[in-house]
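> Got a structure for you, written out below as structure tokens; questions coming shortly.
In our numbering, the protein residues as written are 143 to 372.
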């Protein structure tokens, strides 16, 4: 495990990240300058509802917001299942908190694009309410597009938006990630349909993705993705 049950870090990456922070070094700014100086594109990716190791007490990557506000979890702390411990995106406070991080990244760094990873983890609402609540995820996408537009004016170059969502169109819609509306409204430039963690989908329906999105936004790029262990 990356840390013990008391939250002590046993992870070289995390220890070095903290060391950089303590010395006033922002690694993302360093990486951005280096990558863009080489003529390459620099993107940042945001895990929208990451629940890795949530059950480890004081795990260093679980935010204070998540720890201190159990009433904002999907099941209000009633079960121990990981998919029931995500933040409830039907709540405005959760959406505002989540977008504050996205907005900060877009205002702070010189990037060519930002990816919102909706597959980490794809549990945003009480089961059975995903379709009716999808408007709330679309709200975040609209705000992200507006923030990216502001970043473009500040930086003087294009800032694109990608989303990583479920591998099957029906599954993506069923989880509340309304990619068709996002594409139609020009909120995304790239869609990455991808399996979740170990559950590889070797028959990912690329043609169906092209057909559906192509009817509303032919310019949107579709890049099939694969997750760990593939």
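The beta-carbon is built from N, C-alpha and C at its ideal position, and this holds for glycine as well.
These numbers come from a predicted model, not from an experiment.
Under a Cβ-count criterion, where at least 16 other Cβ atoms within 10 Å of its own Cβ denotes burial, should residue 97 be classed as buried or exposed?
Limits of the chain in this structure are 143 at one end and 372 at the other, which puts residue 97 out of reach.
> Taking contact to mean at least 3 C-beta pairs separated by less than 8 Å, is the region 275–284 in contact with the region 205–219?
No: fewer than three Cβ pairs fall under 8 Å.
> I'd like to confirm the pairing. Which residues does DSSP put opposite residue 335 in its beta bridges?
307, per the DSSP bridge assignment.
> Kindly indicate which three-state DSSP category residue 341 falls into: helix, strand or coil?
Residue 341 falls in the strand class under three-state DSSP.
> Looking only at its chain, what residues have a beta carbon closer than 6 Å to the beta carbon of residue 324, apart from the 5 residues adjacent to it on each side?
Hits under 6 Å: 283, 330.
> Helix, strand or coil: which one does DSSP assign to residue 188?
Residue 188: strand per DSSP, three-state reduction.
> Mind checking which residues open and close the beta strand (DSSP E) that includes residue 255?
Residue 255 -> beta strand (DSSP E) spans 255–259.
> Going by DSSP in three states, residue 209 sits in which element: helix, strand or coil?
Residue 209 falls in the helix class under three-state DSSP.
> Tell whether a beta-carbon distance below 8 Å holds between residue 248 and residue 309.
Cβ distance not < 8 Å, so residue 248 and residue 309 don't count as in contact.
> Which term fits residue 300, buried or exposed, when burial requires 16 or more other beta carbons within 10 angstroms of its beta carbon?
The residue is exposed, with fewer than 16 neighbouring Cβ atoms inside 10 Å.
> What would DSSP say about residue 363, mapped onto helix, strand or coil?
Strand at residue 363.
> Determine the direct distance from the alpha carbon of residue 191 to that of residue 367, and round the result to whole angstroms.
Near 19 Å, if we compare the C-alpha coordinates of residue 191 and residue 367.
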